[in-house]
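Q: Residues in the sequence shown are numbered consecutively from 0, following numbering that gives the first Met the number 0.
Glycine included, every Cβ here is placed at the ideal spot set by N, Cα and C.
Provided herewith is a single structure, encoded as structure tokens, for subsequent inquiry.
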Amino acid sequence: MIQLDRRLARMAELMTPGGIGIDVGADHGYLSVSLVASGKAKRMLATDIRPGPLSSAERCIRENGLQDRIGTMLTDGLNGVPLEGATDILIGGMGGLLIAEILQARLPELKGFNLVLQPMTQAGALRQWLCENGFEIVCERCAVAASKAYSIINARYDGVKRECDPFFALVGKAAEDDSEDAGVYLQTLLSREQKALCGLMNAASPDKKKIAHSRELADKLRKLLERRAPELAP
Ligand SMILES: C[S@@+](CC[C@H](N)C(=O)[O-])C[C@H]1O[C@@H](n2cnc3c(N)ncnc32)[C@H](O)[C@@H]1O
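Structure (structure tokens):
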């Protein structure tokens with residue numbers, strides 16, 4: 000049985016039980032194999048844009064004897080991917096804007112899908128894009144793996160466009176995850192914002208508006224962390 004790291008394990012937890020999933024950018028194929036082997040998913044389609052990673056996924060599927068329940072496809076994003084009958088789309092280990100681009104290509108067809116999205120970078124840009132393009136962010140689950148903190152975004156497309164204020168873009172619903180990993184994620188965001196604020200303040204010609212904006216985000220994050228664990232607050 001494949002042992003998923005915490006990042007992939009959190010993604011697997013958000014899959015619809017008994018669902019049929021599309022694992023975009025499957026690479027090694029661990030997520031698809033684990034989902035089907037554990038019985039959480041009925042079937043999966045593992046895709047990748049590059050033949051090398053797709054071959055690794057195919058090897059992993061064969062080694063686990065799951066060829067009849069996990070298909071593979073060499074393609075860019077969701078191009079040409081048959082969506083009919085599928086319930087979930089899982090996209091992990093990519094930049095937030097690339098994830099947005101992949102979803103944009105099939106936007107009108109995504110109604111009803113359970114989306115499990117794990118941006119490695121640009122999570123804020125992805126949240127903003129989701130809100131402004133008709134997706135509801137249902138929840139987020141954080142994971143610390145290999146000393147890095149990630150948030151996994153669970154979203155659904157309903158076509159309703161939503162406002163995304165800068166603080167929501169920054170933390171999203173990770174603020175509602177009360178796990179220790181979420182605390183680490185939020186602390187990482189605060190450290191990053193404090194660093195950005197320092198940079199802005201030390202610039203040759205400091206931009207007062209940008210400084211005020213960054214300070215507001217850092218203050219809100221600090222207060223959020225204080226409310227979660229007053230004894231650990233920075
Ligand atoms: C860092 S790996 C992540 C693998 C796995 N999803 C995970 O989260 O551990 C990213 C994979 O996405 C693939 N990829 C990058 N851009 C893609 C695209 N536009 N469409 C499909 N796959 C893509 C890469 O080839 C690579 O195998």
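Please identify the residue among I101, P165 and D176 whose C-alpha is closest to the C-alpha of A217.
A: Along the sequence shown, read from residue 1 onward, the residue named residue 217 stands at position 218. Closest option to A217, Cα to Cα, is P165.
Q: Comparing alpha-carbon positions, which option in A45, D75, E83 and N78 lies nearest Q66?
A: In the sequence shown, residue 66 corresponds to position 67, counting from 1. With distances taken between Cα atoms, Q66 lies closest to A45.
Q: For V143, report the span of its beta strand (DSSP E) as first-last.
A: The residue labelled residue 143 in the question sits at position 144 within the sequence shown. That run of the beta strand (DSSP E) goes F134 to A144.
Q: Considering S150, what are the terminal residues of the beta strand (DSSP E) in which it resides?
A: Numbered from its first residue, the sequence shown carries residue 150 at position 151. Taken as a continuous stretch (DSSP letters only), the beta strand (DSSP E) holding S150 covers K147 to Y156.
Q: Is the CB-CB distance between V137 and N153 below 8 Å?
A: In the sequence shown, the residue the question calls residue 137 occupies position 138. In the sequence shown, the residue the question calls residue 153 occupies position 154. Yes, they are a contact pair.
Q: From L77, L13, G64 and M14, pick the residue whose C-alpha is nearest to that of V23; which is it?
A: One-based indexing of the sequence shown puts residue 23 at position 24. Checked all of L77, L13, G64 and M14; the closest Cα to V23 is L77.
Q: Where does Q66 fall in DSSP's three states?
A: The sequence position of residue 66 within the sequence shown is 67, counting from 1. Note: Q66 maps to coil in three-state DSSP.
Q: Rounded to whole angstroms, what's the CA-CA distance from R58 to S146? Just pull it up for me.
A: Your numbering for residue 58 matches position 59 in the sequence shown. Your numbering for residue 146 matches position 147 in the sequence shown. Computed Cα separation, rounded: 28 Å.
Q: Report the residue from S37, Q103, A99 and G111 whose alpha carbon sits nearest the alpha carbon of T120.
A: For the purposes of this step, residue 120 is identified with residue 121 of the sequence shown, where counting begins at 1. Closest by alpha carbon: A99.
Q: Counting only runs that start and end within the segment 11-72, where is the beta strand (DSSP E) found for 3 or more residues in a row?
A: The qualifying runs are 18-23 and 40-47.
Q: Helix, strand or coil for D180, going by three-state DSSP, please let me know.
A: Start at 1 with the first residue of the sequence shown, and residue 180 comes out as number 181. Reduced to three states, the DSSP call for D180 is helix.
Q: Does the pairing of the segment 183-201 with the segment 212-228 give three or more beta-carbon distances under 8 Å?
A: A contact exists between the segment 183-201 and the segment 212-228.
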